[in-house]
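First up is the structure itself, then whatever we jot down about it.
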Amino acid sequence: MNLTGFYPVIGTHKIAESQAFYTEQLGFETTFAADWYVSLKHSEQPHFELALLQPDHPTVPEGFRTAAAGMLLNFEVADVDAQYRRLVVEGGHRPVLDIRSEDFGQRHFIITDPNGILIDLITVIPPQGEFAEQYA
Numbered sequence: 001m002n003l004t005g006f007y008p009v010i011g012t013h014k015i016a017e018s019q020a021f022y023t024e025q026l027g028f029e030t031t032f033a034a035d036w037y038v039s040l041k042h043s044e045q046p047h048f049e050l051a052l053l054q055p056d057h058p059t060v061p062e063g064f065r066t067a068a069a070g071m072l073l074n075f076e077v078a079d080v081d082a083q084y085r086r087l088v089v090e091g092g093h094r095p096v097l098d099i100r101s102e103d104f105g106q107r108h109f110i111i112t113d114p115n116g117i118l119i120d121l122i123t124v125i126p127p128q129g130e131f132a133e134q135y136a
């Protein structure tokens with residue numbers, strides 16, 4: 001398979017709110033916008049893409065027309081503490097998991113987007129103990 005792209009598409013009834021969240025808070029830019037679909041690329045890393053789709057749009061097969069749930073999106077960043085200050089301390093987002101360091105090699109915190117999708121902001125740190133041996 002000659003893969004030329006890959007990106008998640010979030011089924012949401014909150015297209016405008018979600019577009020604002022991902023552009024204003026996480027640095028994405030809109031590359032296409034309709035009332036039922038929005039395509040986004042990250043302003044600093046344009047190969048990172050994300051899309052928003054109204055879940056009951058006719059392009060979604062019947063029987064699958066539901067909003068996304070139970071999704072976790074990981075965003076690896078250079079300085080998670082700076083992002084915590086920006087998004088939580090200064091920006092007022094409520095963390096659903098407060099910032100902490102994990103023995104498996106992450107310092108991270110989790111907020112939610114307007115749909116309840118979990119947004120995990122992560123800086124990779126050295127793993128500790130038994131976890132150090134589990135990395136290939």
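Mapping of the sequence shown onto UniProt numbering: position 29 corresponds to residue 29, and the numbering continues sequentially without gaps. Cβ coordinates follow ideal geometry from the N, Cα and C atoms, glycine included. Since this is a predicted model, take the numbers as computed values, not measurements.
State the DSSP-derived secondary structure class of residue i, mapped to helix, strand or coil.
| i | result |
| --- | --- |
| Y135 | coil |
| L3 | coil |
| V88 | helix |
| T23 | helix |
| V80 | helix |
| G63 | coil |
Tell me which same chain residues have a C-beta within less than 7 Å of the C-beta of residue i, skipping the five on either side of it?
| i | result |
| --- | --- |
| E29 | T23, L40, K41 and S43 |
| Q83 | V77 and L121 |
| I117 | I10, A68, M71 and L73 |
| N115 | I10, T12, K14, S18, A67 and A68 |
| S101 | R107 and I125 |
| R65 | P55 and D56 |
| L97 | F109 and I110 |
| D103 | P127, Q128, G129 and F131 |
I'd like the list of long-range same chain contacts for residue i, defined as Cβ closer than 8 Å, with 5 residues on each side in sequence excluded.
| i | result |
| --- | --- |
| I122 | N74, F75, E76, V77, V80, Q106, R107 and H108 |
| A51 | Y7, P8, V9, I10, Y37, V38, S39 and L40 |
CB-CB under 6 Å to residue i, same chain, minus the five flanking residues each way: which ones, in chain order?
| i | result |
| --- | --- |
| V88 | P95 |
| Y37 | L53 |
| F32 | S39 |
| F21 | D113 and P114 |
Which one or two residues does DSSP pair with residue i in a beta bridge?
| i | result |
| --- | --- |
| Q106 | E102 and V124 |
| residue 147 | The question about residue 147 has no answer here: the residues shown for the chain are numbered 1 through 136. |
| V38 | A33 and L52 |
| G11 | L53 |
Any heavy atom of the ligand GDP closer than 8 Å to the CB of residue i?
| i | result |
| --- | --- |
| E24 | The ligand GDP is absent from the structure shown, which contains no ligand whatsoever. |
Can you round the beta-carbon distance between residue i and residue j to whole angstroms, since I take them to be within the 8 Å contact cut?
| i | j | result |
| --- | --- | --- |
| I119 | I125 | The pair is not a contact, with the Cβ atoms about 19 Å apart (cut-off 8 Å). |
| E62 | G5 | That pair is no contact at about 26 Å. |
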